[in-house]
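Only one structure is covered here, and it is reproduced in the block below.
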Amino acid sequence: MRLASVHLYPVKSLGGVDVDRAVVEPWGLRHDRRWVLLQPDGGTLTARTAPAMLGLTAAPGAGSVTLTDRDGTSLTVAEPVDGPPVATAVSRLDTVRLAGDEAHDWLSARLGLPVRLGWLDDPRRRPVSTDHGGRAGDPLNLSDAGPLLVTTAPSLRRLRDWIVEGALERGEPAPEPLPMARFRPSVVLDGPVAPFVEDGWTGLRIGAVDFRFAERCDRCQLTLIDPVTLTSGKEPIRTLARHRRQDGRTWFGVRLIPLGGGEIRVGDPVTAG
2 MRLASVHLYP
12 VKSLGGVDVD
22 RAVVEPWGLR
32 HDRRWVLLQP
42 DGGTLTARTA
52 PAMLGLTAAP
62 GAGSVTLTDR
72 DGTSLTVAEP
82 VDGPPVATAV
92 SRLDTVRLAG
102 DEAHDWLSAR
112 LGLPVRLGWL
122 DDPRRRPVST
132 DHGGRAGDPL
142 NLSDAGPLLV
152 TTAPSLRRLR
162 DWIVEGALER
172 GEPAPEPLPM
182 ARFRPSVVLD
192 GPVAPFVEDG
202 WTGLRIGAVD
212 FRFAERCDRC
222 QLTLIDPVTL
232 TSGKEPIRTL
242 ARHRRQDGRT
252 WFGVRLIPLG
262 GGEIRVGDPV
272 TAG
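Count along the sequence shown from 1, then add 1; that gives the number in our numbering.
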């Protein structure tokens, strides 16, 4: 296998950027999921309830994040290292630091609802839950459950085939191939391996960086939202529920926890254990 692509999502639930390399830190990829949109009461806002978030893109900079709308307008926000701490409903985290009013106003105007932008200053303050494969001392960025989400191209190809087969059975035209972006992975692997072989991994090495298997990833309604049109449909959950349902949930991809640090690059060899 090889590392086929790397993806950063600096702001939780906003669109991200594809990069050719990334630094692995104990809590995930550098710059990944360090920012979050908060509702006025401190609750977390995600694209599950506000799909328009997927129409905004966040790109990391040196000590900053740049937010861009589809019309090309953008705003660069510095990391609020001295920003006021504010309570948050993010699991296993008491506070984040608030950005300035300009960021809140920019985002609120584009989403059509009042929001505030928060930044996680130190991911060591948030542990990986033991329910999601965490051990003592495992830190986490603002991802839902694990530092890295890994998917494989062979698994997506099998899922695409199942989707087409289901459509034909229903007498429907074959849909456009489902993009991997629906699953918002940190890294995508490709190579001559069986679909869903990742379910049985205990560990992984990408380049010179080792990872521990944490758990399989159960998929939520966010995967139903087309990141281009921002409309919702039935796929891929309908097909996953038919072919990949277990314990009342549907599964695609696995979560990993870094055992060390270093840089990973597209094209790096990958070894599974």
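Just so it is clear, CB atoms sit at the ideal spot from N, CA and C, and this is done for glycine as well.
query	result
According to the Cβ coordinates, are Val78 and Leu68 closer than 8 Å?	yes
For the candidate residues Gly44, Arg246, Gly263 and Asp162, whose alpha-carbon lies nearest to that of Ala23?	Gly263
Okay, do the segment 132 to 143 and the segment 181 to 196 touch, 3+ Cβ pairs below 8 Å being the bar?	no
Would you give the residue range spanned by the beta strand (DSSP E) that Ala88 belongs to?	Pro86 to Ala88
From the DSSP secondary-structure annotation, give me the bridge partner or partners of Gly263.	Val25
Would you identify the three-state DSSP class for Thr153, choosing helix, strand or coil?	strand
Using a Cβ cut-off of 8 Å (strictly closer), state whether Arg246 contacts chain D.	Checking the listed chains, one finds no chain D in this structure; it contains a single protein chain.
If we call anything under 8 Å between Cβ atoms a contact, is Tyr10 one with Asp42?	no
Indicate the three-state DSSP secondary structure (helix, strand or coil) for Ser109 in the structure shown.	helix
Which residue marks the beginning of the alpha helix (DSSP H) containing His8, and which one marks its end?	Unbroken run through His8 is the beta strand (DSSP E), Arg3 to Leu9; no alpha helix (DSSP H).
Using the beta-carbon count (16 or more within 10 Å), is Thr152 buried or exposed?	buried
If I measure Cβ to Cβ from Ala60 and keep anything under 6 Å in the same chain, skipping five residues before and after, which residues do I get?	Val18 and Thr67
Are three or more beta carbon pairs between the segment 196 to 215 and the segment 35 to 53 nearer than 8 Å?	no
Can you tell which of Val188, Val25 and Arg158 has the C-alpha that lies nearest to the C-alpha of Leu179?	Arg158
Measuring straight from C-alpha to C-alpha, what distance separates Pro259 and Ile238?	29 Å
For Gly204, write down the residues that DSSP places opposite it in a beta bridge.	Arg213
Using only the alpha-carbon positions, how far apart do Arg31 and Ala146 sit?	17 Å
Give me the DSSP bridge partner(s) of Arg246.	Thr251
What separation, rounded to the nearest whole angstrom, lies between the Cα atoms of Gly29 and Glu236?	28 Å
Once DSSP output is grouped into helix, strand and coil, what is the label at Pro176?	coil
In whole angstroms, what separates the C-alpha of Pro85 from that of Arg245?	44 Å
Go ahead and pull the three-state DSSP assignment for Leu121.	coil
Rounded to the nearest angstrom, what separates Asp70 and Arg49 at their Cα positions?	19 Å
Helix, strand or coil: which one does DSSP assign to Thr69?	strand
By Cβ distance below 8 Å, which residues in the same chain neighbour Asp200 in space, the five residues on each side in sequence not counted?	Arg217, Trp252 and Val255
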